[in-house]
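Reading through the structure tokens given below for one structure.
There are 4 protein chains.
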Amino acid sequence: MGREEKKRQTKLAITNAAFKLFSENGYESTKVEDIVKLAGVSKGTFFNYFPTKEAVIEDFERISIYSEAEKLMNITSPVVPKLLSSLINIVHNLNYTRSLRRATLMATLSSANNLNNHIDNMNNLRALLIPIFKHGQETGEFTQKLSPETLADLTIQMFIGVLTHWCLGGGEDDLITQLMMSFDVFFKGISS
Amino acid sequence: MGREEKKRQTKLAITNAAFKLFSENGYESTKVEDIVKLAGVSKGTFFNYFPTKEAVIEDFERISIYSEAEKLMNITSPVVPKLLSSLINIVHNLNYTRSLRRATLMATLSSANNLNNHIDNMNNLRALLIPIFKHGQETGEFTQKLSPETLADLTIQMFIGVLTHWCLGGGEDDLITQLMMSFDVFFKGISS
Amino acid sequence: MGREEKKRQTKLAITNAAFKLFSENGYESTKVEDIVKLAGVSKGTFFNYFPTKEAVIEDFERISIYSEAEKLMNITSPVVPKLLSSLINIVHNLNYTRSLRRATLMATLSSANNLNNHIDNMNNLRALLIPIFKHGQETGEFTQKLSPETLADLTIQMFIGVLTHWCLGGGEDDLITQLMMSFDVFFKGISS
Amino acid sequence: MGREEKKRQTKLAITNAAFKLFSENGYESTKVEDIVKLAGVSKGTFFNYFPTKEAVIEDFERISIYSEAEKLMNITSPVVPKLLSSLINIVHNLNYTRSLRRATLMATLSSANNLNNHIDNMNNLRALLIPIFKHGQETGEFTQKLSPETLADLTIQMFIGVLTHWCLGGGEDDLITQLMMSFDVFFKGISS
DNA sequence: AATGAATGAGGCTTCATTCAT
DNA sequence: TATGAATGAAGCCTCATTCAT
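Protein chains in written order, with this note's numbering: chain A, 920 to 1111; chain B, 920 to 1111; chain C, 920 to 1111; chain D, 920 to 1111.
Here it is as structure tokens:
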């Protein structure tokens, strides 16, 4: 195993450990000491890979709900089934547990920087969804009482609602079941 | 002013200060020192009123979304307009700013105790909503494809979705507008 | 003993301890732990009085060679004996040991800030000396081949030379003896 | 280029880098990492050439003011001009900047070992100067009120005074000008 | 009841040094 | 001989909490 490969593994071990602990106990309660113990490296090594403890949390953005948004891009008619399967796919890839989603949400809430990232990502996703809904309106799938912008926004809101309610202990234990049921209602609500 | 009144005022000053700072900077970043400075009391006084710093956060539950749930109890047909006006009423009384809602959400996420409170409150609310939806189904307002339990759950989810999306920067600046628009879609989605 | 008096004593205990240790072992080798142990207070108390470890060193400026410069201001003819007695007086009040002077010199050398303070102080002292030498030249005490500015500068240099050579182990053990002998030669060198 | 030559060059690169950084930022603030980065070698290499970081500072003695003292040995009458030109020569060869002299002074102050080296060197120089002054007294160049030992000591003190005052920002920008002016006064002060 | 000085456990981070490659 | 990833002891500093006044 080459040096570079070893480095990648070390960094991964640290990230995974931090990941696990943050999601179980939250950022502030997780000590660097805990992370390195779980990762099986020394404290010095931790700071060889991350300048501060806070720097690790940025890797959490990797698993934000927006990470796979680009997959939504080439959706064609009929919109609903493909959109739904895309959303399911995103959730599937995120591989969330309730506690992991809570940790991710806390990460978003815990710093102005992360919050701004969230807003940027949300706007990007919104921009992707707008033409999709426009198209859907033209083909008669969706109500025209609401603008495509609003429809895009409500979709994101629905998605966040499912995730948040679920991570706070509500809904079905299986996130995807909950997601499908919720969007069933939602799509009916915005149908023409 | 009597001694008891003075004490109540002091406690209120502390709570309000903590309240403001938690909502602006989060729980962990807010120091007891900051709170007492803003409240205009000494550190010693703080600990005369609250055994620990964490004890203050429990007062945040005062503004949880469940605080006014009992007002939902005597809803009669037709369900939709009264339910909607109740929800609006709750939001109105909460007097949220985006940052205040973020703080409340962080408070819920930041301790197992608060999370359990949330779950208890949610279940209480759910218990209140179930007969309402049952009634609504009987009178033909709501679809019968979903159980009253599910409808209650989806309502809570919708409510949380609006609040979360909004506090993270999404939706209309006016929370009530956003709420009405969202529940319009939702009620259409669960109509019979 | 009042609270304020107690505070002054605590701060003094810390300063004195730091003072002693810095002069014996140097700034970097002295740990905050050492200081508080010697001062008989806790680490927390240290940081109640000084925001950082470095902040303590600024108190060292109190014993800089310039601290009593203002006493030079009202010197009248003949200049030499009064100037000499002033210099002796300054040294006397500084109460230097060789190691303490070394520590003070290191403090000056160890940060750009302290160095700038030194330069400022030096220029103030120089400004005080210039009219004195001007006066001394007019009354015929000093050579006119050198400007009053240069004479002031050479005086400071001589003073620093004595202190530095002495603290590095040279000269008489008694600093004042060394100072008098040196300025005897110096004043002869700049006599008219 | 032979292997030995390569090694010498590597060591020189390290020494020069350390040299530069110590003089700019001081010993403690200069990290081994900084040195090796500037020298263009790895950390491992550094420790192949020097057992510890502190070992590098001993190379600073190369540029101590005593390094060329032996040139003073065969001074003949008249003493003053030759002594002065020797001192100028020493300063010239040292090639000091103010910051470099500060670094050298800090090196002397920063360890008991270096301080002892300074004292040894000073005593050697003193031993060289004593017969010179004795000779100068016999030929009538210098006052007999002071012993040759004292004269030697005052000379060293003057030299150190010039260097210290200058490196702390005082005197002429050109060190040699400052040196000549100062020793002019000094030699007049010790003339017979 | 109010004060704020004192506490000290415990956190994050630094950095000279080692050693396997 | 050169490399640089890994190490871990040790340092500075924070801050909730206590308690004498």
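For each residue, glycine too, the CB sits at the ideal point set by N, CA and C.
For a test of your reading of the model: does the CB of residue i fall under 7 Å from any non-hydrogen atom of the ligand PLP? Yes or no.
i: Gln1097 (chain D); result: In the structure shown, the ligand PLP is absent, as is every other ligand, since no ligand is present at all.
Beta-carbon within less than 7 Å of residue i's beta-carbon, same chain only, minus the 5 sequence neighbours each way: which residues are those?
i: Thr1058 (chain A); result: Ser996
i: Leu1094 (chain A); result: Val1010, Tyr1015, Trp1085
i: Glu947 (chain C); result: none
i: Val998 (chain B); result: Ile1051, His1054, Gly1055, Glu1060
i: Asn944 (chain D); result: none
i: Glu924 (chain B); result: none
Drop a sphere of 10 angstroms on the beta-carbon of residue i, count the other beta-carbons inside from all chains shown, and report buried for 16 or more, exposed for fewer.
i: Pro1050 (chain A); result: exposed
i: Asp1072 (chain B); result: buried
i: Pro1067 (chain C); result: buried
i: Thr1074 (chain D); result: buried
i: Ala1022 (chain D); result: buried
i: Gly1090 (chain A); result: buried
i: Thr971 (chain A); result: exposed
i: Gly1055 (chain D); result: buried
i: Gly921 (chain D); result: exposed
i: Thr1096 (chain D); result: exposed
Taking a contact to mean a Cβ-Cβ separation below 8 Å, would you say residue i touches residue j in this structure?
i: Ile994 (chain D); j: Leu1098 (chain D); result: no
i: Gly1108 (chain B); j: Phe1061 (chain A); result: no
i: Leu1024 (chain A); j: Leu1028 (chain B); result: yes
i: Val960 (chain C); j: Thr929 (chain C); result: yes
i: Ala958 (chain D); j: Ala932 (chain D); result: yes
i: Met1077 (chain A); j: Phe1102 (chain A); result: yes
i: Leu1087 (chain C); j: Leu1034 (chain D); result: yes
i: Val951 (chain A); j: Lys962 (chain A); result: yes
i: Ile976 (chain A); j: Ala1026 (chain A); result: yes
i: Gln1063 (chain A); j: Ser1111 (chain A); result: yes
i: Thr1083 (chain D); j: Thr1083 (chain C); result: yes
Please work out which residues of its chain come closer than 6 Å, Cβ to Cβ, to residue i, disregarding the five sequence neighbours upstream and downstream, and give them in chain order.
i: Ala1046 (chain A); result: none
i: Arg1017 (chain C); result: Cys1086
i: Phe941 (chain C); result: Thr949, Ala1022
i: Ala936 (chain C); result: Ile954, Leu957, Ala958
Within a Cβ cutoff of 8 Å, which residues of the same chain sit near residue i, ignoring the five residues on either side of it in sequence?
i: Phe969 (chain A); result: Ile933, Val975
i: Met1100 (chain C); result: Glu1091
i: Lys1001 (chain A); result: Ile994, Thr995
- request: Identify every run of the beta strand (DSSP E) within the segment 969-1048 of chain C, keeping only runs that are complete inside it and at least 3 residues long; order them along the chain.
  value: The segment 969-1048 of chain C contains no whole beta strand (DSSP E) run of 3 or more residues.
message: Short of 7 Å Cβ to Cβ, which residues in the segment 995-1025 of chain C face chain D?
response: Arg1021, Leu1024, Met1025
- prompt: In chain order, what residues of the segment 947-965 of chain B put their CB closer than 7 Å to some CB of chain A?
  reply: Glu947
- request: Select from the segment 1036-1056 of chain B all residues with a C-beta closer than 7 Å to any C-beta belonging to chain A, and list them in chain order.
  value: His1037, Ile1038, Met1041
field: Near-chain A residues of the segment 1091-1108 of chain B (beta-carbon distance less than 9 Å), N- to C-terminal order
entry: Glu1091, Gln1097, Met1100, Ser1101, Asp1103, Val1104, Phe1105, Phe1106, Lys1107, Gly1108
query: For the segment 1073-1089 of chain C, which residues have a CB atom closer than 7 Å to at least one CB atom of chain D, in sequence order?
result: Leu1073, Ile1075, Gln1076, Met1077, Ile1079, Gly1080, Val1081, Thr1083, His1084, Leu1087, Gly1088, Gly1089
query: Listed in chain order, which residues of the segment 930-946 of chain A have Cβ atoms closer than 9 Å to some Cβ of chain B?
result: Gly945, Tyr946
field: alpha helix (DSSP H) runs wholly inside the segment 921-950 of chain A, at least 4 long, in chain order
entry: 922-944
message: Just to confirm the assignment: which complete alpha helix (DSSP H) runs, minimum length 4, are found wholly within the segment 1044-1095 of chain A?
response: 1067-1086
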